[in-house]
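A short worksheet on the structure shown next.
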Amino acid sequence: MTGGRRRVGAVLAALVGVLALLGVAGCSSGTGASDLDDGVLVVGTEGTYSPFSFQGDDGQLTGYDVDVVRAVGERLGVRVDFVQTPFDSIFAGLQSGRFDLIANQVTINDERRERYDLSRPYTVSEGEILARTGDTSITSLADLAGRTTAQSSTSNWAEVAADAGARVEAVEGFVQAVQLVKDGRVDATVNDSLAVAEYFAQTGDTGVAVAAQTGDTSLQAFAARKDSGLMDRVNDALQGLYDDGTLTRISEQYFGSDVAVPDEAEFAATEEASGGSGTSTGDLIARNLVPMLKATVTMTLPLTAISFVIGLAIALAVALARISSIRPLALAARFYVSIVRGTPLLLQLFIVFYALPQFGVVISPFPAAVVAFSINVGGYAAEIIRAAILSVPKGQWEAAQTIGMGYRTTLQRIVLPQALRTAVPPLSNTLISLVKDTSLASTILVTELLRTAQLAAAPTFDFFALYSVAALYYWAICIALSFVQGRLETRLDRYVAR
């Protein structure tokens, strides 16, 4: 009992420490100023959002936003360095000081104005709703009520869809959202008319079509940390770029029309004080403790348990095939293990969820995650089980044969029970790794623990607080599994001669 109390005490102490850090972070974030004394402006951007920020034919970063911020850098007399990051992580990266400025079609809204320094707008655009070709049930923004849309959780379009009554599934980018619409997993996606036009121009995709306009106009700006000290100079640079025609030239290059905001007048109209939400970090954490716990119990733990059990069954079959005297069977098992261990788990998830529908195989998010995780566990655990079986002395096999036991009986009663003791520690490590790996399921629409934290943090951009709480949940699960592992090892060691 003493050891158990110590573990509980350590967890509680860590929780208090992390919450204290959250309070400090909540008070101090965004207070540092960036004066560009080193002559470098570090800019965060996606690099996958054509035509604003993407990889050109030469493999170099290019796009409308990229060219505009480079022109700003020239006017400021500094070098512009880019850090590519997914949009859902881009504000967290800004807050953590990984870059000075975001250049990625950041739409101006009250929440962002409250938390960040925003430049004067440099782009104006309208929202459009994309649906599957032939779907005539969506003809206006109001028709999204009760439907499901795919959006980046931190984008302005997620808020537009949610306000219209849609259930928003969070994705990492526009292309993924379109694919989900085409696969029939969601009903629609809302995005910038400029991005939609560029998508059709580049792909000629006939699987989706513009179903309706959202009816609102949005202004895009650069974003920096609050009180960064950057925006006066950035705004002067942007105004100069508009006055000398550079913004018009760049926008016509990418869009064939002028999408630049003329002057400060339109910007001033958006600068009314929002009053703020008044939500503290502590309130945010308290409000989301139960939803995150629910996601842990209903999604993360079942996903882990089901995938591990199925994965172990696959692993045992593959391990026995690996040590089989039937050469084609052994080669097939070796190939399976090589493929699983030689490719990233995230890629395996994407193949199951995004690639298989192209062959007519559409699997729902949770089963798709189970399939991918089970296959992955099977590949890694197979080698653990094979090594454990081979660690059993050959004489055990021979002794079983001399008393008339067959291969199957020898495995069940003699070999596997002895191999289990050897396999428990590494298999426990595999299970603990699987608990953490389930966080990747958030990329394929499984609303598990991490995804719940992401969705909760998206409106307020307080990612550090909720991600830290999610980390504590994962840590608690792993501590519990480690405790069970220790008890199981002790039990299996009872009859071992020392």
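Under the working numbering, the residue at position 251 of the sequence shown is numbered 497, and the numbers go up by one with no gaps. Backbone N, C-alpha and C define an ideal beta-carbon position, used for all residues, glycine too. Here the structure is a predicted model, which is why all the values come from computation and not from measurement.
Cβ pair residue i, residue j closer than 8 Å
i	j	result
T394	D433	yes
T460	E374	yes
L347	L476	yes
T676	I630	yes
A483	V324	no
L384	L465	In the sequence on display, residue 384 carries Ile and not Leu. Cβ distance not < 8 Å, so I384 and L465 don't count as in contact.
A416	A391	no
E418	L549	no
V315	V286	no
A565	R632	yes
V427	A408	no
A467	R366	yes
A381	P603	The residue you asked about is not Ala; residue 381 is Asp in the sequence shown. No. Outside cutoff.
S399	A699	no
Local Cβ density within 10 Å of residue i, reported as buried at 16 or more and exposed below that
i	result
L387	buried
P663	exposed
R659	exposed
G624	buried
A601	exposed
G305	exposed
L535	exposed
P613	exposed
L592	exposed
E518	Reliability of the predicted coordinates at E518 is poor, the pLDDT of 45 falling under 50, and the value obtained from them is presented with this limitation in mind. Its Cβ having fewer than 16 others within 10 Å, E518 is exposed.
R587	exposed
S571	exposed
S610	exposed
L487	buried
Distance between residue j and residue i (C-alpha atoms, nearest Å)
i	j	result
L440	D462	14 Å
A634	T668	6 Å
Q422	N481	33 Å
L701	D283	37 Å
E735	A665	12 Å
V329	G339	10 Å
M545	L322	50 Å
A470	E357	14 Å
S584	A628	11 Å
K540	L307	41 Å
Q642	V661	7 Å
A567	L575	6 Å
A458	W403	14 Å
N350	S296	10 Å
Q499	T492	11 Å
F513	D363	Caution applies to F513, whose pLDDT of 49 falls short of 50 and renders its modelled position unreliable; the value that the coordinates give is listed next. Approximately 13 Å, taken between the alpha carbons.
V442	D311	16 Å
C724	I678	6 Å
R573	T648	26 Å
F605	I597	11 Å
I336	K640	57 Å
L712	Y720	12 Å
S637	I556	24 Å
T689	A615	10 Å
G293	S299	5 Å
D313	A455	29 Å
I552	D529	34 Å
Residue i in three-state terms, based on DSSP
i	result
N355	coil
L465	strand
F328	strand
A567	helix
T676	helix
D347	Before going further, note that residue 347 is Leu rather than Asp in the sequence given. In this structure, L347 counts as strand in the three-state DSSP scheme.
D438	strand
A396	strand
S386	coil
F596	helix
D363	strand
V270	Only weak support exists for where V270 lies, its pLDDT of 41 falling under 50; the coordinates are left without a value.
T693	coil
L282	coil
T544	helix
V507	coil
Residue interval of the beta strand (DSSP E) (run including residue i)
i	result
I631	No beta strand (DSSP E) holds I631; the alpha helix (DSSP H) holding it covers P611 to S637.
D311	Note, D311: premise wrong, no beta strand (DSSP E); alpha helix (DSSP H) at Y310 to L322.
E372	T369 to R378
E415	R413 to A416
V807	With the chain running from 247 to 744 in the structure shown, residue 807 is simply not present.
Q301	S299 to Q301
Extent of the continuous alpha helix (DSSP H) to which residue i belongs
i	result
D482	M477 to D489
T656	Y653 to T656
T494	T492 to F501
Q341	F333 to Q341
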